[in-house]
Amino acid sequence: MSTKLFRSLTLALALVLILSLTAFSTLAAAMPPGDEAEINAEMNGWSAPAPRSLPVPDQAAHARALQLLGSTGILLAPDSTNKRVMAFDPANGDLVDADFIPADTAHLSTPKHAMLSADGQSILVADQITDGVYQYDFDGNYIGLFAPAGGVNTAILDNIRGMALRPNGNLLVTVGSSGNANAIAEFDTSGNYLGNFIAAGSGGLSSPFAILHRTSDVLVDASTSDNVHRYDTSGAYLDNLITAIAFAQQMVEAANSNILIANFSTPNSGVQEYTAAGAAVATYTIVTGNRGAYELGNGNILTSNASGVHEISRANVLVATEISGVSSQYIEYVVSPSASISLDKTVGLDPNACALTNEVTVAAGTTVVYCYTVTNTGSETLGTHTLVDDHLGTLLNNFAYSLTPGASAFITEAATINATTVNSATWTASNAGVGGVEASDTATVTVQGPTALTLVNAQATPLPAPWSAFLALALAILLAAALTWRLRAATQR
1 MSTKLFRSLT LALALVLILS LTAFSTLAAA MPPGDEAEIN AEMNGWSAPA PRSLPVPDQA
61 AHARALQLLG STGILLAPDS TNKRVMAFDP ANGDLVDADF IPADTAHLST PKHAMLSADG
121 QSILVADQIT DGVYQYDFDG NYIGLFAPAG GVNTAILDNI RGMALRPNGN LLVTVGSSGN
181 ANAIAEFDTS GNYLGNFIAA GSGGLSSPFA ILHRTSDVLV DASTSDNVHR YDTSGAYLDN
241 LITAIAFAQQ MVEAANSNIL IANFSTPNSG VQEYTAAGAA VATYTIVTGN RGAYELGNGN
301 ILTSNASGVH EISRANVLVA TEISGVSSQY IEYVVSPSAS ISLDKTVGLD PNACALTNEV
361 TVAAGTTVVY CYTVTNTGSE TLGTHTLVDD HLGTLLNNFA YSLTPGASAF ITEAATINAT
421 TVNSATWTAS NAGVGGVEAS DTATVTVQGP TALTLVNAQA TPLPAPWSAF LALALAILLA
481 AALTWRLRAA TQR
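For the sequence shown, counting from 1, position 346 maps to 346 in this note's numbering; every step adds exactly one.
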């Protein structure tokens, strides 16, 4: 064999080997995870690749994300490759801001789940490796460790995955390892540990991954017990809603109350859909190795895995890959409640009805009735109310009343008015005293006194000079005539 031919064959074999390895690598990335080592790495959060070099965060993109956050909402999905949180459009799945929370390697290692805090004023991020729930503001600035309050404590939280909020605002967190393994830990709105909402191993729970808090029950899936366990709203075990499901991760409710489950490993890797009662509907396998899932406004499903975030249809078609080259996690819808109120202050005489105007005219000593009507013009239910009138004082002080969006409420207050009065009132509404919005309005009572004749400019007005001289002459003539008459009369006597 010639040297030239030998070199040609060697190059050809090398090329075939390179192409084969590339094809195998691509195929392996597309295949659902199934080997024990990969599953173990996923269970412990070890599968996140090293961070890449990222461009400077896009301020215009962040402004757009904030605009959506305050209106239609955004979808938050952690990127555990780059230790950040991304934002997507809930209508169509488009990437809005890749750096909604910019890379934070100081606190995040495998960020798993990002969600809105109970007060709606910050973002909480659960990290599987650093064993804490971290708090950020809406500009992505780190605030601090939220839970456990007082510092990371692996006796409470270790190898954490998904979270949920109870209706009372308490935070629930899955625990996968250490002394509190296989439990659902509960924290108050300040991050203080309250104990376990679901006891360790309750109902056979083993290695919990996600929590879905529904109206009448709480669902928890688990990677080792391979079931979707069902508990009542106080954390007591009821039954298993779905059985024999291999490595389920995030669970979310669809618009029709069906349950979407991101399934990580074989034999049903993909997004699985069930009815609310747990009956299987379909499995969408066009994307595998799934961690997160969310039903978009267009009816498609946004799902995440180790290679990116993808939009798929229920016809099992890949519609779009919104971002690739990132290891993404759970997908959570968040909207910042927009709190606002209006106040209408009126005044009248009827003690049984609110007047229609904010002005009235009365006699001194009249009893008038002020009416204060507050309307919730925002999207957040307001539960605590304070009303202060600058003439009548404090009328409500942290009064508890649930004022839902669009609802109105009123109170009346009578007062005896002796002088014209213009007074202003301010209504402040909040949630349990946190934050608060306010509105003010003014009413006027005019006091009218008894009718009286008032002389205006009552001083005498001098006559013009010619008339004065004429009158003086006439008066002198009259006096002279009178004197002449009296003298004549006296002579005749």
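By construction, the Cβ of each residue, glycine as well, lies at the ideal position given by its N, Cα and C atoms.
Just list the residues that DSSP pairs residue i with in beta bridges.
i      : result
Phe138 : Phe138 is not bridged to any residue.
Cys371 : Thr346 and Thr412
Ser444 : In the sequence under discussion, the amino acid at residue 444 is Thr, which differs from the Ser named in the question. According to DSSP, Thr444 bridges with Glu359 and Val422.
Asn305 : Gly308
Gly144 : Gln135
Leu212 : Leu219
Pro111 : Asp127
Thr224 : Per DSSP, none; premise fails for Thr224.
Val388 : Thr394 and Thr426
Gly195 : Glu186
Below 6 Å CB to CB, which residues in the same chain sit around residue i once its five sequence neighbours on both sides are set aside?
i      : result
Ala439 : Ile341, Ser342, Leu343 and Trp427
Ala414 : Thr367 and Val369
Ala164 : Leu172, Ile211 and His213
Asn40  : none
Thr233 : none
Pro351 : Val369
Val434 : With a pLDDT of 48 at Val434, under the threshold of 50, the modelled position of this residue cannot be trusted; read the value that follows with caution. Taken in chain order, the residues that qualify are Asp119.
Gly132 : Leu145 and Val152
DSSP three-state label for residue i, please.
i      : result
Gln250 : strand
Gln272 : strand
Glu42  : helix
Arg64  : helix
Asn352 : coil
Glu380 : coil
Gly433 : Summary for Gly433: the model assigns pLDDT 49, below 50, so the residue's position carries little reliability; its value from the coordinates is reported in the next sentence. Reduced to three states, the DSSP call for Gly433 is coil.
Leu54  : coil
Ser234 : coil
Ser328 : strand
Gly179 : helix
Ser402 : strand
Leu69  : helix
Gly203 : helix
Less than 8 Å separating the beta-carbons of residue i and residue j?
i      : j      : result
Tyr372 : Phe410 : yes
Ala200 : Ala222 : no
Val360 : Val447 : no
Ser178 : Thr154 : yes
Lys112 : Pro78  : yes
Tyr134 : Leu145 : yes
Leu403 : Thr381 : yes
Thr189 : Ala126 : no
Asn238 : Tyr231 : The identity of residue 238 in the sequence shown is Leu, whereas the question assumes Asn. Cβ atoms of Leu238 and Tyr231: closer than 8 Å.
Asp385 : Leu392 : Reading off the sequence, residue 385 comes out as His, not Asp. No. Outside cutoff.
Thr224 : Ser202 : no
Asn263 : Phe247 : yes
Leu76  : Glu332 : yes
Gly45  : Gln128 : yes
Gly378 : Ser408 : no
Gly297 : Ala61  : no
Asn316 : Thr288 : no
Asn305 : Asn290 : yes
Counting only the same chain and skipping the five closest in sequence on each side, list residues whose C-beta sits under 8 Å from that of residue i.
i      : result
Ala254 : Leu260, Glu273 and Glu295
Ile245 : Asp221, Asp226, Asn227, Val228, Ile261, Asn263, Asn268 and Gln272
With a CB to CB cut of under 7 Å and the five nearest residues on each side skipped, what residues in its chain are close to residue i?
i      : result
Thr22  : Low confidence applies to Thr22: its pLDDT is 38, below 50, so where it sits in the model is not reliable enough to give any reading.
Arg166 : Leu172 and His213
Ala65  : Ile74, Ala87, Val96, Asp97 and Phe100
Phe209 : Arg161, Gly162, Thr174, Asp221, Ala222, Ser223, Ala248 and Gln249
Ile417 : Val362, Thr366, Val368, Val445 and Val447
Answer yes or no: the CB of residue i versus the heavy atoms of the ligand HEM, is any distance below 7 Å?
i      : result
Val335 : You won't find the ligand HEM in this model; it holds no ligand whatsoever.
Would you be able to state if there are at least three C-beta pairs under 8 Å between the region 52-67 and the region 88-102?
-> At 8 Å Cβ cutoff, the stretches touch.
Could you tell me whether the region 344-360 touches the region 408-425, using the rule of 3 or more Cβ pairs below 8 Å?
-> Verdict: yes, contact present.
Could you say if the region 61-74 and the region 311-331 meet the contact criterion of at least three C-beta pairs nearer than 8 Å?
-> Segments in contact, no.
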